[in-house]
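If you want this note's numbering, it's the 1-based position in the sequence shown plus 250.
Glycine included, every Cβ here is placed at the ideal spot set by N, Cα and C.
These notes concern the structure reproduced below.
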Amino acid sequence: LLAWWFNIPRTIIILASVIAAIIALISYFLPILPSVNSVGRKSLGTFFYAISIGVLAALFWQNCPQCTVIGVLTMTWGDGMAAIIGQKFGTHLYQVRGITKSWEGSTAMILVSYLVISLVWGLSLGYSWQVALFACLVAVVATCLETFSLFGIDNLTVPLASGILTYFLMQI
C-alpha cells in the first residue's frame, strides 16, 4: 500500500521481490533466518509470497496498481487473520486433504478479504453495488483457494488470483 502511495517504480518492487524470494529459498534449505519459515511445518510459503508480489507488480503496477495492492492485501490481511482467528477461536473444524481448517478461520478470511478489497477498490474507483458484488466474488474465490491450496502454495494462488480476477472484473 505504501509503495502505491509513494509511487515506487515497478522495477524496484520486482527487484525487492526477487531478493526476498532468494532469501526465503536459501532460508528454506539453510536455517539462516528461522523466523522466516516458522509456521510449524516445512513450507515454501514465504518464497511463493515474494514471487507473487513480483508477478503482480510486473502484470499490473503500471496500469492497475490497485490490482497489485488487492492481491497483496488479500493475502496479508485475509490469510493472516484467518490463521490468527482459526488458531485462537477455531472450534468448528473440517479437513481438506488431511489439513485441518476451521470455519472460524475461513469466515475471517472471507470477511477481512472482502473489507480490504472493497476499501481499496472503492477508494480508488468509487463505491457502487458492483464494487460490493465484485469484492464479494474475489473474496470468495480467494477463500476457496486458501482452503484448497497445500504446502504454502496459497501464498501464490491467493494473491495472483485476487489481483487477476480484480483486473478482469474492473473491465466490466
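- Along the region 299-350, the beta strand (DSSP E) occurs as fully enclosed runs of 3 or more residues at 343-346, listed in sequence order.
- Partner residues in the beta bridge of Ser-352, as assigned by DSSP, are Leu-343.
- Three or more beta-carbon pairs separated by less than 8 Å link the region 361-368 to the region 325-336, which places the two stretches in contact.
- Leaving aside the five residues that flank Val-366 on each side, the residues in its chain whose CB is nearer than 8 Å to its CB run, in chain order, Ile-320, Leu-323, Thr-324, Trp-327 and Gly-328.
- Exclusion of the five residues before and after Asn-405 leaves Gly-295, Phe-298 and Tyr-299 as the residues of its chain whose Cβ lies within less than 6 Å of its Cβ.
- Separation of Gln-380 and Ile-276 (C-alpha to C-alpha, rounded to the nearest whole angstrom) is 43 Å.
- Sequence-distant partners of Thr-318 (beyond 5 residues in either direction) whose C-beta falls short of 7 Å from its own C-beta, in its chain, are Leu-306, Ala-307, Phe-310, Trp-311 and Gly-413.
- Ile-262: member of the alpha helix (DSSP H) spanning 260-279, first to last residue.
- Non-local C-beta neighbours of Gly-336 in its own chain, meaning closer than 8 Å and more than five positions away in sequence, comprise Lys-351, Ser-352, Glu-354, Gly-355, Ser-356 and Ala-358, ordered along the chain.
- Beta-carbon to beta-carbon, Gln-316 and Ser-374 are separated by about 5 Å, close enough to satisfy the 8 Å threshold.
- Membership of Ser-412 in the alpha helix (DSSP H) is indicated by the continuous run 404-420.
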